Amino acid sequence: MNCVYIENGGVYNYPKGTDFYNPSRLYPEYPWGKDEISSIPNDVYDMLRNTLYGMGYDKANFGKCNWNPLGNVIKPGQTVLLKPNWVSHKNKVYRGDPSLTCLVTHPSLVRAILDYVVIALKGEGMIILGDAPMQGTDLDEMFELAGYNQLFSFINRNGITVDICDFRKYKCVFHKGVSNELTLIDSPYKSKVVDLGSNSLHAENDKKEYVYKVSDYDYNLTKNYHDKGIHRYEINEAVLLADVVINIPKPKTHRLAGITGAMKNFVGITYEKASLPHRAIGDKESGTGDAYDKKSILKMYMEYIDNRQTICSVKGRIVMAKLLDFLKKSLYILGVLFSGDKYRIGSWYGNDTIWRTVVDLNHIVRYANKEGNICDLPQREILNIGDMIICGEKEGPVGPSPKPLGIIMMSDDMFIFDYTLSKIMQMECHEIPHIRFILDQYGYVLNAFIHSNNKEISDKKVSDVRFPKKWRFEAHSCWKN
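Heads up: the sequence shown begins at 896 in this note's numbering, then just goes up one per residue.
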């Protein structure tokens, strides 16, 4: 379907988990009966239901007990992955959002989607709910703060089989900017290394002999995955086992990529995060990298010290790591003073690395088979349902401020979803690298139509729509240029 659906519900908050995110109406198709109906309004559930209808799914049976909107995508016996955004347990900048509503995907939307997945599977198949958050994320704390434990209680008491997974290889604990504890994740799922080789978008830069870096990982480890002629990603096998992926992003501004939507959300499919190039060490001016703009010997040493700090942290040399952290920050301050360039660690509009990683990962999700081999034909169905009741603006993705839109947006095409998102945010599309790539390589997105309950934007080409000015996002401070 060459379209996107926007349910504009005029709802700017989420239901509490008191009633396990149950709907407040007993719909004919509802699988759990009258005992699982909420006494308080649940507008998010209603909006998700309207969204599925708005996409045209099983319209002939709408309003009947056999309405099965996801039945055209999900078949009994299949494995379905629900992929939310669980990036962090803490908003690093904005302190007025203790429930993390502008940071992570809200469990009320996950719950509503889960019900329709259960209907489609008809008691046969597997459901996986998982993400690979940042290495320092405490998922248990995030689950508690964001209200996921109420969702899990509902799952358990109704006997729904759901594998709740942390896709990371390991997690760590940070104290004053230094990691001091590394723990392997206990999971039944391991990993598959997917080799894109010359088909990786990073291959275009092989002649530049970049040294790629992921924050808090030794760049020598990343070099094993990405070097001249080598471009590999280590993916959690749970993702590749899925027949259907329902991608549930939390749209926000992003310090590295400009925006994060459907495509960027697939960064969370990885097992080994060191395999994800985030920046190329060096400066844009001299062509050595894209971590910062102007050539600076001080910042070059800052990058070296940063990597030494990472190595010391992993080895448990905490005192030395803290000293190096202080030195790194001092070099950054001096580097800014002497070069006039405030940018660092790829957090700016000149980052030419992360968007390539994002596009590579989207190619893997669609075309890699269960063994991790790239095929000519798509290997799984992908649906994208954006949690845009409250989005995140300004210092995203880990320090966003709330941007209430009251929207759920859905498309079965990641490119169309992200192009529409950039238009809603009212960002300059050609200034967002992965959007620019989409427009250059996949021109069909310009002909995509919007369908919506909002008549002012419905039944028009995305490219022709002028979205309300109040929907405009304030960009990350390093993208204001």
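Just so you know, even glycine gets a beta-carbon here, dropped at the ideal spot from N, CA and C.
Please read all numbers here as calculations on a predicted model, not as lab measurements.
{"Check": "Per-residue DSSP class, three states only, for S1234", "Outcome": "helix"}
{"Check": "Per-residue DSSP class, three states only, for E1036", "Outcome": "helix"}
{"Check": "Cross-strand partners of H1346 (DSSP beta bridge)", "Outcome": "Y900"}
{"Check": "Beta carbon proximity, I1240 to chain D, threshold 8 Å", "Outcome": "Structure shown: chain D not included; a single protein chain is present."}
{"Check": "As assigned by DSSP and simplified to three states, the class of L998", "Outcome": "coil"}
{"Check": "Opposing strand residues paired with I1302 [DSSP bridges]", "Outcome": "N903, M1283"}
{"Check": "Pairwise C-alpha distance: H984 and V1101", "Outcome": "Per the sequence shown, residue 1101 should be read as Asp rather than Val. Cα-Cα distance, rounded: 36 Å."}
{"Check": "Cβ neighbours of A1137 in the same chain (closer than 7 Å, five flanking residues each side left out)", "Outcome": "T974, V975, L976, I1023, R1275"}
{"Check": "Start-end ranges of the beta strand (DSSP E) lying completely within the stretch 914-972, minimum 3 residues", "Outcome": "none"}
{"Check": "DSSP bridge partner residues for N1131 (one or two, in chain order)", "Outcome": "S1086"}
{"Check": "Burial state of P1146, where buried means 16 or more other Cβ atoms lie within 10 Å", "Outcome": "buried"}
{"Check": "Rounded distance between the beta-carbons of Y1107 and P1172, thought under 8 Å", "Outcome": "4 Å"}
{"Check": "Proximity below 8 Å, CB of E931 to CB of N908", "Outcome": "no"}
{"Check": "Residue range of the unbroken beta strand (DSSP E) whose run includes L1116", "Outcome": "L1116 -> not in any beta strand (DSSP E); alpha helix (DSSP H) instead, spanning 1114-1118."}
{"Check": "Contacts around N945, its chain only, beta-carbon distance under 7 Å, and the 5 residues preceding and following it disregarded", "Outcome": "E902, N1348"}
{"Check": "Alpha carbon of Y1238 to alpha carbon of G1182, nearest angstrom", "Outcome": "15 Å"}
{"Check": "Rounded C-alpha distance that separates A1263 from I935", "Outcome": "43 Å"}
{"Check": "D953 to V988 span [Cα, whole Å]", "Outcome": "43 Å"}
{"Check": "Opening and closing residue of the alpha helix (DSSP H) in which V1109 lies", "Outcome": "Note, V1109: premise wrong, no alpha helix (DSSP H); not H, not E."}
{"Check": "Opening and closing residue of the alpha helix (DSSP H) in which H1149 lies", "Outcome": "It is not in any alpha helix (DSSP H) - H1149 instead sits in the beta strand (DSSP E) that spans 1147-1149."}
{"Check": "Meets three-Cβ-pair contact criterion under 8 Å: the stretch 1323-1334 and the stretch 1250-1257", "Outcome": "yes"}
{"Check": "R1150 versus E1369, G928, V899, G912, residue with shortest Cα-Cα distance", "Outcome": "E1369"}
{"Check": "Sequence-distant residues of its chain with Cβ nearer than 8 Å to N986 (five each side left out)", "Outcome": "D992, L995, C997, L998, V1293, G1294, P1295"}
{"Check": "Rounded Cβ spacing between N1131 and N1160 (contact assumed at less than 8 Å)", "Outcome": "Between N1160 and N1131 the Cβ distance is about 14 Å, and since that is not below 8 Å, they are no contact."}
{"Check": "Closest Cα partner of D1061 within the set A1041, V1088, N1051, D1033", "Outcome": "D1033"}
{"Check": "Start-end ranges of the alpha helix (DSSP H) lying completely within the stretch 1197-1275, minimum 4 residues", "Outcome": "1213-1234, 1249-1262"}
{"Check": "Between the CA atoms of V1089 and G1124 - distance to the nearest angstrom", "Outcome": "14 Å"}
{"Check": "L1016 - DSSP class collapsed to helix/strand/coil", "Outcome": "helix"}
{"Check": "Burial state of G1281 (16 or more Cβ within 10 Å)", "Outcome": "buried"}
{"Check": "Residues near V1360 by beta carbon distance below 8 Å, same chain, minus five either side", "Outcome": "K1318, I1345, I1352"}
{"Check": "6 Å CB neighbourhood of R1261 in its chain, flanking five on each side removed", "Outcome": "P1273"}
{"Check": "Sequence-distant residues of its chain with Cβ nearer than 6 Å to M1304 (five each side left out)", "Outcome": "I901, G1281, M1283"}
{"Check": "8 Å Cβ cutoff met for R855 and G1163", "Outcome": "The displayed coordinates of the chain run from 896 to 1376. Any statement about residue 855 would go beyond what the structure contains."}
{"Check": "Spatially closest choice to K911 from P923, G1230, L1004, by CA coordinates", "Outcome": "L1004"}
{"Check": "From M896, D1058, W1374, E1099, residue whose alpha carbon lies closest to that of V1134", "Outcome": "D1058"}
{"Check": "Closest Cα partner of H1001 within the set L947, N937, C1067", "Outcome": "N937"}
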